[in-house]
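Numbering (the UniProt record's numbering), first residue to last: 1 to 861.
Presented below is the structure to which this report refers.
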RNA sequence: GCCCGGGUGGCGGAAUUGGUAGACGCGCCGGACUCAAAAUCCGGUGGUAGCGAUACUGUAAGGGUUCGAGUCCCUUCCCGGGUACCA
């Protein structure tokens, strides 16, 4: 049998790689290292979708390529296996989450192996393994020791319908992601990590990272640094001061009222007796608003006067103090000085409640808006008058500091990280409570293992499931012998994924999360590939932990991930849809919101392009042409198992890389898979002919021709450069060009065939190994040296150059390579071209443009 | 609203520092092989006109810089992602 049969060869080589531990990583410190990492997968019950292999193939190509380039490559995989779905399944069925998780991991592992990824399976880690979470707990204790982990009453997302607390990411538009039930905020004792202490470093160190600019920008916005001032406003006839944060201290003279968040600690104290009832009512109203309602009601400002007045320290005027929920308790000081003249929100509020407005920045003559937030000279501002914003700020801050009523100040939007969950399936905190005080479990007593429980439901009042494991909860403090209670919250899923990249380096090491010498060699991660949905949270949290570990001396780099790339989402196949309303097909652009329409899927052959729109063939009816996100409900989900069954893993890998640039969103096309599958068949037949009786090796021992060397080395150049630049789509196109060329040859010289197979191997490793072994090699080609480019072979004997007259191509000339830089020769030849002469007749040449080896342009009048 | 990306054939996408727009693949058209089909192979394929050489036109729209613009600058439109009372 000589035809290409992916099913048998893929299985064969997957077994070979595993049995021979082909991809076991060694740490030979004389060689350069390359750490290429995939984002930690959550092993869900539904298995891999086609999005997974995209990033994984990209990193696998890099890993295989770098090995052949002589690098020690660390390319590991593992499981971010704590998490809600296994727990919800446990609540429903009573199945222990450990069991579900194990099953899912087995399935995921099989699927990844089926795709031929070159992971070092001896380094597999699993966050739910006590040997792993021992170190997650150990890191938590370092945070605790440094005062970076503390307990606090914090509002959590309580879902009465589900009887459980939800994480922020499980709440969508104020409703539970599962079931769509309302979620309310309820204060509970929580563990919180002081990420805000690292805000400045997290912000500054972004600059040197080789990350997508958009991701860095998102992190910057999330951290949300703003520079301004804190100003103290004395409260009239009270012995209190209200401190505000403002980025516009220059507008202080325009502060005509103040607003406190309804939760502000001074509200009760300053509220006058007449206003007490209204204020209480409003506080109640604001507290009950869910996030959803807050969002919906953004248009209308609400608020209540407290009856109290503050003194504006700039001009000693009395200004009223209001409370309103447009001021957020958790940002700045939870209180603002309202400057309606220069702030749109304050303007809106002032208009509604009839509060005075003073402009302190002169708007331009033609300004017609309300609040003016742009730059301009200060007015109505005493000693600031005439100054532009920047100068006015400097001056007022000086004045505030001299008078002891305020100072320059920096504020961050970033908030401390709510780090506990009321769940079973997570890492237990290594904390006991003695006399009501939290106390660290000794390092030697780690891990604190998860206890067994009868069921996984939280208690009725929202206490975590672990509270039910009474024997586990009730313990004694080994130091004092006192009664102690274990912490019953567990850590969020982020915990395990915050440091997993370190554990891969020395998964067996028992002295610390990572072995120090190995860590110095392997860190930082050279290439990190994963979805942009992790742009902020995971990547920020992991950077935070890494910096803490750096401060503890556990790691040697300030940042974990030097280079980051996001793979783009893969959408379903392109769909054409016609709309039917009241039994009639109507144009897509006539469909109005709320219309009751039927969607009718159309076949590609029923559609044609007219102008810039797609229409039903022969009509003017516009149809919709769009690729949608894959979803079960839409029924456009592509299952990688099916693709592998039909075309093989090499075709799936190749297609996912050939679709387009890695970072881009792109639609799936099964026809496209067939295309790359055809390519692999052609490549196979290039070497083995198509005789069905017996196998014919179609390679020769002849010396390659100049032409053959040129074709080969063009491929070497393009493929090497494109892998380095992550342009896998064009690298594959270069491989195709090679095969197209080589197919015209009588036979392929071995010295050309072998390098080509190596070029193919990172992309389609199974077929490459098979061809390689059929060439007579006994060992895997995984560590064969990558083909060297010889520039000499790239040189062409002749060069084609276009000849333009007034910028339009009128002829093409072929010149000997050595003459291509000879201006006189090339121009002479160009002017002789028949079709050029036509355009030169009766004209004068005013300029001759000659770009050596590229183009000739004759400018005539 | 604000901040990032991005608009190139029927489709996915290529195009060094500005230098032949449409590489490669899909689809489509024609041909070979076949009793036939599939597979495979060969040729063609942005649009318009022409038998053809060729000409005009064409990278969301409009304008500009340049010998020359998909690429640089300005204005507008559309699509995708993020974010949203952050003082």
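Ideal Cβ positions, reconstructed from N, Cα and C, are used throughout, including at glycine.
As the structure is a computational prediction, the values presented were derived from the model and not from experiment.
Report, in whole angstroms, the separation of the C-beta atoms of residue i and residue j, which I expect to be a contact under 8 Å.
| i | j | result |
| --- | --- | --- |
| residue 667 | residue 572 | 7 Å |
| residue 42 | residue 83 | 6 Å |
| residue 825 | residue 61 | In fact, because the Cβ distance is near 44 Å, the residues do not count as touching under 8 Å. |
| residue 335 | residue 264 | 6 Å |
| residue 192 | residue 429 | No, residue 192 and residue 429 are not in contact; Cβ-Cβ is about 12 Å, not under 8 Å. |
| residue 116 | residue 14 | 6 Å |
| residue 148 | residue 194 | 5 Å |
| residue 749 | residue 703 | 7 Å |
| residue 189 | residue 145 | The pair is not a contact, with the Cβ atoms about 20 Å apart (cut-off 8 Å). |
| residue 547 | residue 198 | 6 Å |
Could you tell me the boundaries of the alpha helix (DSSP H) in which residue i lies?
| i | result |
| --- | --- |
| residue 398 | 389–402 |
| residue 190 | Careful: residue 190 lies outside any alpha helix (DSSP H), inside the beta strand (DSSP E) at 184–193. |
| residue 578 | That residue, residue 578, is in no alpha helix (DSSP H); its beta strand (DSSP E) goes 574–581. |
| residue 644 | 640–647 |
| residue 672 | 670–688 |
| residue 93 | 84–93 |
| residue 98 | 97–114 |
| residue 322 | Per DSSP, residue 322 belongs to no alpha helix (DSSP H); it is in the beta strand (DSSP E), 317–323. |
| residue 850 | No alpha helix (DSSP H) contains residue 850, which is instead part of the beta strand (DSSP E) from 845–851. |
Compute the Euclidean distance between the alpha carbons of residue i and residue j, then round it to the nearest angstrom.
| i | j | result |
| --- | --- | --- |
| residue 333 | residue 137 | 33 Å |
| residue 534 | residue 140 | 22 Å |
| residue 262 | residue 426 | 35 Å |
| residue 380 | residue 326 | 27 Å |
| residue 783 | residue 766 | 14 Å |
| residue 132 | residue 439 | 22 Å |
| residue 20 | residue 48 | 26 Å |
| residue 752 | residue 214 | 43 Å |
| residue 568 | residue 662 | 6 Å |
| residue 465 | residue 450 | 11 Å |
| residue 407 | residue 239 | 21 Å |
| residue 90 | residue 457 | 9 Å |
| residue 700 | residue 687 | 10 Å |
| residue 467 | residue 126 | 25 Å |
| residue 660 | residue 740 | 21 Å |
| residue 719 | residue 710 | 14 Å |
| residue 730 | residue 712 | 16 Å |
| residue 850 | residue 664 | 38 Å |
| residue 32 | residue 576 | 51 Å |
Anyone know if the C-beta pair for residue i and residue j falls short of 8 Å?
| i | j | result |
| --- | --- | --- |
| residue 65 | residue 786 | yes |
| residue 258 | residue 371 | no |
| residue 392 | residue 250 | yes |
| residue 309 | residue 323 | no |
| residue 4 | residue 745 | no |
| residue 903 | residue 564 | For residue 903 there is no data in the structure shown, the boundaries of the chain being 1 and 861. |
| residue 359 | residue 254 | yes |
| residue 689 | residue 698 | yes |
| residue 224 | residue 245 | no |
| residue 162 | residue 527 | no |
| residue 155 | residue 185 | yes |
| residue 794 | residue 717 | yes |
| residue 176 | residue 183 | yes |
| residue 373 | residue 346 | no |
| residue 307 | residue 271 | yes |
How would you write the range of the beta strand (DSSP E) that residue i sits in, first residue to last?
| i | result |
| --- | --- |
| residue 311 | 304–312 |
| residue 147 | Segment: none, residue 147 is in no beta strand (DSSP E) and carries neither H nor E. |
| residue 601 | 598–602 |
| residue 475 | 474–476 |
| residue 660 | Where residue 660 is concerned, there is no enclosing beta strand (DSSP E), given that its DSSP letter is neither H nor E. |
| residue 698 | Premise fails: residue 698 is in no beta strand (DSSP E) and is neither H nor E. |
Measuring only from the beta carbon, is residue i closer than 7 Å to any heavy atom that is part of the ligand NAD?
| i | result |
| --- | --- |
| residue 147 | As far as ligands go, the structure on display features none, and thus does not contain the ligand NAD. |
Open item on the list: Check whether the region 813–833 and the region 769–783 touch, using three or more Cβ-Cβ pairs below 8 Å as the test.
Closed with: With contact defined as three or more Cβ pairs closer than 8 Å, the region 813–833 and the region 769–783 are not in contact.
Open item on the list: Below 8 Å, how does it come out for the region 524–544 and the region 97–112: are there three or more Cβ pairs, yes or no?
Closed with: no
- [ ] Would you check if the region 637–656 and the region 604–611 touch, i.e. whether three or more CB-CB distances between them fall below 8 Å?
- [x] no
TODO: Count the C-beta pairs between the region 761–780 and the region 649–660 that are closer than 8 Å, then say yes if the count reaches three, no if not.
DONE: yes
TODO: Say whether the region 796–813 touches the region 826–844, bearing in mind that this needs 3 or more beta-carbon pairs closer than 8 Å, one atom from each stretch.
DONE: Contact holds between the region 796–813 and the region 826–844, because three or more Cβ pairs, one in each stretch, are under 8 Å apart.
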